[in-house]
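Take a look at the structure below.
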Amino acid sequence: MDRLKIIESEELNLLERIIRSLAPEEELKRLWDDYQRCQYAKYVYAIRCAKEHRDSLIEKFILDKEGRYLEIGCGPGVLFEPIAKIIQPKELHAIDYSLEMRRGAEKEAKKLEKIYRTKFFIYDGDLSKSETWHVLWQDDYFDGVISNMFLNYVAGGWEPIIQQEARILKPGGIIYGGPLIDGKFYKKALRHALPEFIRQPIESFRGLKFRKKISKISKRSQELEAKAPVKEELIKYLKELGFTEIETTETYWGLGMTFRARLKPF
Ligand SMILES: C[S@@+](CC[C@H](N)C(=O)[O-])C[C@H]1O[C@@H](n2cnc3c(N)ncnc32)[C@H](O)[C@@H]1O
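Going left to right, the sequence shown walks through residues 6 to 271 as my numbering numbers them.
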């Protein structure tokens, strides 16, 4: 490596370290940007168990043609089409703090608006900050709130997020979610994934690249107090906030789950 390149990479490392120490949240956002630059949706969902997890959430969707829905941590909009096709809401609002993810989401929304009746609204905002929620959405505003692979990554933990979801949902509104529920997911998943690796070697090999990136994201999120909910704790919390009709499905060999619940009508 020539001297200039060494200096450049040292400066980059220094810059990285400064950003990390000044604003760890900024660093996390950059890691999500990087994840999407490698075509997250294409490769992550090429793997059977990721697809099965997503499908188990989609299977819970209920038609609601007049509804106003919100997807939090929407990423590049992988769920937009199933939402527009099955729930068919009048409006789908979606939010993510990663610029690269939002670029993907906006492209997807534009494409889908030509096919489906759903109108899309994409927002930038950090959901770990309660101001974001209060500035954007009033109480009792949405008929449904959806998240997939988000609750376990959000800085500050999943409880404040579910609390905000309950606040902005109308009475009788629906919450959908699909978190990982085991903090040691990446370690344990490798063991479970071996048969899949043999069955889908090319996809799994590509997936490995992402495993490294996402486990780094997971580690950084946990340093900012993100945590995978325990299933029983999550159900208890939903009940305390007034949710009923709670339905759950285990995914990822029991390391993840999908759920649907309804906020009590008045
Ligand atoms: C694993 S991806 C899931 C994307 C999509 N929901 C899916 O099912 O494929 C998690 C997403 O949450 C976003 N995210 C994480 N923390 C966030 C925060 N505090 N505020 C807003 N978005 C956040 C990330 O940028 C990323 O796009």
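A virtual CB, placed ideally from N, CA and C, is assigned to each residue, including glycine.
Legend entry - Counterpart residues of Lys124 in DSSP-defined beta bridges: According to DSSP, which records beta bridges pairwise, Lys124 is partnered with Glu96.
Inset, instruction - Use the C-beta contact count for Ala28: other C-beta atoms within 10 angstroms, 16 or more gives buried, fewer gives exposed. - result: Classification for Ala28: exposed.
Inset, instruction - Can you tell me which of Arg225, Lys134, Lys218 and Ala266 puts its alpha carbon nearest to the alpha carbon of Lys272? - result: No answer is possible for residue 272: it lies beyond the span of the chain, which begins at 6 and ends at 271.
Legend entry - Continuous alpha helix (DSSP H) stretch holding Phe215: start and end: Pro206 to Glu228
Inset, instruction - From the DSSP output, in three-state form, read off Ile186 for me. - result: coil
Legend entry - As assigned by DSSP and simplified to three states, the class of Met4: The chain is shown from 6 up to 271; residue 4 falls before or after that span and cannot be answered.
Legend entry - Per-residue DSSP class, three states only, for Val49: helix
Legend entry - CA-to-CA distance, Tyr121 to Gln168, given in whole angstroms: A straight line joining the alpha-carbon of Gln168 with that of Tyr121 spans about 31 Å.
Legend entry - Exposure label - Gly177; buried when at least 16 CB within 10 Å: exposed
Inset, instruction - Look up Phe66 in the DSSP assignment and say whether it is helix, strand or coil. - result: coil
Inset, instruction - Entirely within the stretch 144-180 and at least 4 residues each: give me those alpha helix (DSSP H) ranges in chain order. - result: 164-173
Legend entry - Straight-line Cα distance separating Arg204 from Phe210: 11 Å
Legend entry - Asp39: CB within 7 Å of a non-hydrogen atom of ligand 1: no
Inset, instruction - Would you please state the rounded distance, in angstroms, between the beta carbons of Glu105 and Asp38? I believe it to be under 8 Å. - result: 4 Å
Inset, instruction - Report all residues from its chain with a CB closer than 8 Å to the CB of Leu68; omit the five preceding and five following residues, and keep chain order. - result: Result list for Leu68: Ile91, Ile92 and Gln93, in chain order.
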